[in-house]
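Participant: Counting in UniProt numbering, the sequence shown runs from 1 upward without gaps. Glycine included, C-beta positions come from ideal geometry on N, C-alpha and C.
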Amino acid sequence: MKLFQKQLTYSECTASSSGRYCAVRTPSCCESRDDDCTAPILGDHLCYCDMFCDRGPDGGNDCCPDFEPTCRSRKRSDYQGDLSGQGVSGYFSSKFSFLNSCLNGLWKCDTSTCLIQEDLLEEVQRGRFSWTAQNYSFFWGRSLDEGIKYRLGTLFPEQSVQNMNEIVIKPRELPKHFDVRDKWPDFIHEVRDQGDCGSSWAVSTTTISSDRLSIISDGRINATISPQQLLSCNQHRQRGCEGGYLDRAWWYIRKLGVVDEHCYPYDSGRTREPGNCQISKRSYKSGNSITCPANPEFDSSVYKMTPPYRVSSREEDIMTEIITNGPVQATFVVHEDFFMYAGGVYRHTELAARKGDSFTGQGYHAVRILGWGVDRSTGREIPYWLAANSWGRQWGEDGLFRIVRGENHCEIESFVIGKLVMISFLFLFCYFLISLNVLTVLFGFVE
């Protein structure tokens, strides 16, 4: 497999589109294996026109869509076998009118909108936008509906939560550019990859907690708090890999606490399931540490937080909170074009909407805002927020993205959460006890 190897793990669909790939190259086909016998397809990706690319239904292929009629002239019926009597049909057409999906080890093609829309991708790449797009191979074979369901995962806050009082923040002089990684270089945790699980509610909550714990302890406690425990154990009125409420996640951490990643490693991104809780509520009453589900021979401290507070939607208040206390948690609306973001300052386009409602989609997502700045690469000043996504470092700008600031674009400034974390003598005393494995970890004390 040379092209779609990350997605096509069973059998691939053969050519059925009207696109011309092999037919327009010279020579059209190559008699033996030739890794240079290629044609461009979907942006910066390649398909192949050599005889080695075709291995039949059991071996898979990475041939160009017109390989069969151009190079082999083989009938599609040759590939019919045990694939539900339908053969291996519907490779990717030139405009992605067909979607390949894998179900129980078999391929079937339908007319769902793909997560990567080729024409939309090309328009952004050609157009004069403040951001660039990329074809991510790990999104191949995913429908837009699947992307919204399994790559986001934050449920819109209920009315009572929306009515939270915003704290009053004392204004201060603010720089034009700020990045928490510059102020606290050793305390900000890496970009996570939530995988195929709508767990941004859990991932962002635990990562923010990890960052702020490191900051207030001056790096003495640098744990990576487990999102898997939230997914598996915080299931009351939550939906696991199909979404969750931030306020209930914070409630769980405040009331019960969460262990670290080594103790309860993340697995839902692979399984698409929250899994069964491996920590009973009785465990919290048995002592100051919990036996690790990943290794019963080890115990883990329990990390707790005080209740969260809401930061106002004023950009100056959000900036002051970040520069004073660290990253904040923010919800925003993800649209269909955001999945293809590669760099620059993101601003949602209406390109997909012009094609019709079936090509658009949106859902709520939760991320960490790490800082802000002003971009001048387009010849004009564009204020932006710098945020960490949870789709791995292979996406965006090394896992990060920039989005227009000061306009509540995609509702990025509408619901921002922080933690009032000030070091007190009691906290330092607790840390001393922690070092002796005497006391459960508590943080977030307020003087």
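Looking at the structure shown, is Y341 part of a helix, part of a strand, or coil, going by DSSP?
Facilitator: Here residue 341 corresponds to residue number 341 of the sequence shown, with the count starting at 1. Three-state DSSP puts Y341 in a strand.
Participant: Across the segment 249–267 and the segment 225–233, are there enough close Cβ pairs to call them in contact, namely three or more that are closer than 8 Å?
Facilitator: As far as the Cβ criterion goes, the segment 249–267 touches the segment 225–233, which means the pair count is three or higher.
Participant: Could you pull out every residue in the same chain whose Cβ sits closer than 7 Å to the Cβ of G371, ignoring the five residues on either side in sequence?
Facilitator: Sequence index remark: in the sequence shown, residue 371 carries index 371 (1-based). F178, D179, V180, I322 and L386, listed in sequence order.
Participant: Name the two residues that bound the continuous beta strand (DSSP E) containing V404.
Facilitator: Numbered from 1 along the sequence shown, position 404 holds the residue referred to as residue 404. Start and end: L400 to V404.
Participant: Which residues does DSSP list as the beta-bridge partners of Q329?
Facilitator: As a first step, residue 329 must be located in the sequence shown, where it is residue number 329. DSSP, once it has assigned bridges, lists R368 and I417 as partnering Q329.
Participant: Pull up the distance between the alpha-carbon of R220 and that of S214, whole angstroms please.
Facilitator: In the sequence shown, counting from the first residue as 1, residue 220 sits at position 220. In the sequence shown, counting from the first residue as 1, residue 214 sits at position 214. Distance between the alpha carbons of R220 and S214: 7 Å.
Participant: Thinking C-alpha only, which one of G392, L231, A23 and M51 is nearest R33?
Facilitator: Sequence index remark: in the sequence shown, residue 33 carries index 33 (1-based). Minimum Cα distance to R33 is reached at M51.
Participant: Relative to the C-alpha of N325, which residue among V333, D337, V311 and C22 is closest?
Facilitator: Locating residue 325 in the sequence shown gives position 325, where the first residue counts as 1. The candidate whose alpha carbon is nearest that of N325 is V311.
Participant: Which of the three DSSP states is assigned to residue 450 in this structure?
Facilitator: There is simply no residue 450 to check, as the chain begins at 1 and stops at 447 in what is shown.
Participant: Assuming contact is defined by CB atoms lying nearer than 8 Å, are I41 and C64 in contact in what I supplied?
Facilitator: If you number the sequence shown from 1, residue 41 lands on position 41. If you number the sequence shown from 1, residue 64 lands on position 64. Contact flag set, yes.
Participant: What would DSSP say about A23, mapped onto helix, strand or coil?
Facilitator: In the sequence shown, residue 23 corresponds to position 23, counting from 1. If DSSP states are grouped into helix, strand and coil, A23 belongs with the helices.
Participant: Check the C-beta distance from Y150 over to C241 and give it rounded, since I have them as a contact under 8 Å.
Facilitator: Along the sequence shown, one-based indexing puts residue 150 at 150. Along the sequence shown, one-based indexing puts residue 241 at 241. Confirmed, Cβ separation roughly 7 Å.
Participant: Taking I382 as the reference, which of G406, Q117, Y245 and P327 has the closest Cα?
Facilitator: Here residue 382 is taken as the residue at index 382 of the sequence shown, counted from 1. Selected option, being the one with the closest Cα: G406.
Participant: For D299, I'd like the list of residues in its chain whose CB is within less than 7 Å of its CB, leaving aside the five on either flank, ordered along the chain.
Facilitator: For the purposes of this step, residue 299 is taken as residue 299 along the sequence shown, with counting starting at 1. Within the same chain, D299 has close Cβ partners S289, I290, T291 and C292.
Participant: Report the residue from N135, L155, C30 and H189 whose alpha carbon sits nearest the alpha carbon of D247.
Facilitator: Here residue 247 refers to the residue found at position 247 when the sequence shown is read from its first residue. Looking at the Cα atoms, L155 is the closest of the given residues.
Participant: Hey, A133 and L121 are a contact pair by Cβ (cut 8 Å); roughly how many whole angstroms apart?
Facilitator: Counted from its first residue, the sequence shown places residue 133 at position 133. Counted from its first residue, the sequence shown places residue 121 at position 121. The pair is a contact, with the Cβ atoms about 5 Å apart (cut-off 8 Å).
Participant: Expressed to the nearest angstrom, what Euclidean distance is found between the alpha-carbon atoms of S28 and N135?
Facilitator: Sequence index remark: in the sequence shown, residue 28 carries index 28 (1-based). Sequence index remark: in the sequence shown, residue 135 carries index 135 (1-based). So the two alpha carbons sit approximately 25 Å from each other.
Participant: Which residues does DSSP pair with W385 in a beta bridge?
Facilitator: Here residue 385 is taken as the residue at index 385 of the sequence shown, counted from 1. DSSP lists W372 and I403 as partners of W385.
Participant: Would S137 and T113 be called neighbours here (beta carbons separated by less than 8 Å)?
Facilitator: Indexing the sequence shown from 1 puts residue 137 at position 137. Indexing the sequence shown from 1 puts residue 113 at position 113. Not closer than 8 Å, so no.
Participant: Spatial neighbours of T205 within its chain, please: CB distance less than 8 Å, with the 5 preceding and 5 following residues excluded, ordered by chain position.
Facilitator: The residue given as residue 205 occupies position 205 in the sequence shown. Within the same chain, T205 has close Cβ partners P227, L230, L246, A249, W250, I253, Q329 and A366.
Participant: Check S377 in the structure and name its three-state DSSP category.
Facilitator: Start at 1 with the first residue of the sequence shown, and residue 377 comes out as number 377. In the structure shown, S377 sits in coil (DSSP, three-state: anything other than H, G, I, E or B).
Participant: Quick check on the burial criterion: 16 or more other C-beta atoms within 10 angstroms. Buried or exposed for T331?
Facilitator: One-based indexing of the sequence shown puts residue 331 at position 331. With 16 or more other Cβ atoms within 10 Å, it is buried.
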